[in-house]
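A.B. asks:
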Amino acid sequence: AVEDSLRRLQTDVIDLYQAHRDDQDTPLVDTLKAFDSLIKEGKVRAIGASNYNAKRLQEALDISKTEGLARYETLQPEYNLYDRQEYESGLEQVAVKNGLGVINYYSLASGFLSGKYKKPEDASKSKRGQGIVEKYLNERGKRIVEALEDVAASHDASATQVALAWQIARPSITAPIVSATSLEQINELVKATELELSKQEIEELASASKA
621 AVEDSLRRLQ TDVIDLYQAH RDDQDTPLVD TLKAFDSLIK EGKVRAIGAS
671 NYNAKRLQEA LDISKTEGLA RYETLQPEYN LYDRQEYESG LEQVAVKNGL
721 GVINYYSLAS GFLSGKYKKP EDASKSKRGQ GIVEKYLNER GKRIVEALED
771 VAASHDASAT QVALAWQIAR PSITAPIVSA TSLEQINELV KATELELSKQ
821 EIEELASASK A
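Numbering (the working numbering), first residue to last: 621 to 831.
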């Protein structure tokens with residue numbers, strides 16, 4: 621797989637190579653030995669874990685230390701104002717304890733936190749719209765978007781920028797992962813790094829997102 625990636629990327633080395641999900645049918649030590657070999661061969665500089673639960677992630681880190689193998693340097697969990705439970709209930713503690721960089725995906729909840737989907741009819745706005753509306757368009761989701769827009773209004777910003785700024789303000793988060801389909805969107809997203817939320821605003825958003 622790594623050879624295919626190197627060829628597609630037209631490079632000799634991959635800076636960060638991540639396990640997309642935890643293969644629980646394969647012993648962790650075997651997975652880590654394979655990654656360690658790639659690093660020793662100079663094909664990969666660092667490795668990361670995505671979609672691991674807290675227990676398995678800590679086990680992997682312990683094995684790396686005990687066996688003298690390359691360890692996961694980053695964690696890529698699903699995390700945003702709506703999806704908080706799994707990360708905050710265990711993964712975050714493991715990441716902080718072990719000094720892992722956290723690069724969370726679905727940082728805008730598939731676009732829902734941008735305020736794009738406010739009513740069932742908005743499902744037609746994208747190919748994934750129906751699934752997004754079914755998962756997020758409920759009382760809690762509406763409450764979160766309303767809180768985002770309230771904070772955004774006081775900063776002359778967008779709900780998208782506030783949603784990202786809230787994550788960036790969390791000490792354990794290194795950088796949220798977010799996609800863009802135009803230069804205009806990229807410019808909007810970058811501005812989130814310049815937006816500083818007050819402690820009260822951060823708490824208000826967290827409160828709005830409670831189940």
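Virtual Cβ for every residue (Gly too), placed ideally from N, Cα, C.
Go ahead and label G688 buried or exposed: buried means 16 or more other beta carbons lie within 10 angstroms of its beta carbon, across all protein chains shown.
C.D. replies: For the purposes of this step, residue 688 is taken as residue 68 along the sequence shown, with counting starting at 1. So G688 ends up on the exposed side.
A.B. asks: Can you look up R627 in the DSSP assignment and give me helix, strand or coil?
C.D. replies: Along the sequence shown, one-based indexing puts residue 627 at 7. If DSSP states are grouped into helix, strand and coil, R627 belongs with the helices.
A.B. asks: Kindly indicate which residue of A800, E693, A654 has the alpha-carbon position closest to the one of G668.
C.D. replies: Within the sequence shown, numbered from 1, the residue matching residue 668 stands at position 48. For the residues A800, E693, A654, the minimum Cα distance to G668 belongs to E693.
A.B. asks: Expressed to the nearest angstrom, what Euclidean distance is found between the alpha-carbon atoms of Y672 and F655?
C.D. replies: Start at 1 with the first residue of the sequence shown, and residue 672 comes out as number 52. Start at 1 with the first residue of the sequence shown, and residue 655 comes out as number 35. Between Y672 and F655, the C-alpha separation is close to 16 Å.
A.B. asks: Can you have a look at P740 and say buried or exposed, based on whether 16 or more other CB atoms are within 10 angstroms of its CB?
C.D. replies: In the sequence shown, counting from the first residue as 1, residue 740 sits at position 120. So P740 ends up on the exposed side.
A.B. asks: Among A831, V716, E823, S734, which residue has its Cα nearest to the Cα of L809?
C.D. replies: Along the sequence shown, one-based indexing puts residue 809 at 189. The shortest C-alpha separation from L809 is found at S734.
A.B. asks: Is the beta carbon of A785 closer than 8 Å to that of S778?
C.D. replies: Reading the sequence shown from its first residue, position 158 is the one you call residue 778. Reading the sequence shown from its first residue, position 165 is the one you call residue 785. Going by C-beta atoms, S778 is not nearer than 8 Å to A785.
A.B. asks: Which class does L817 belong to by DSSP, given the choice of helix, strand or coil?
C.D. replies: What you label residue 817 is simply residue 197 of the sequence shown in a count that begins at 1. It is coil, neither helix nor strand.
A.B. asks: With C-beta atoms as the reference, is V633 less than 8 Å away from K660?
C.D. replies: In the sequence shown, residue 633 corresponds to position 13, counting from 1. In the sequence shown, residue 660 corresponds to position 40, counting from 1. Contact flag unset, no.
A.B. asks: Out of L658, R676, I723, point me to the one whose CA is closest to D643's CA.
C.D. replies: For the purposes of this step, residue 643 is taken as residue 23 along the sequence shown, with counting starting at 1. That would be R676, whose Cα lies nearest to the Cα of D643.
A.B. asks: Nearest to R748 by CA position, among F732, Q781, L681, is which residue?
C.D. replies: As a first step, residue 748 is located in the sequence shown; it is residue number 128 there, counting from the start. Looking at the Cα atoms, F732 is the closest of the given residues.
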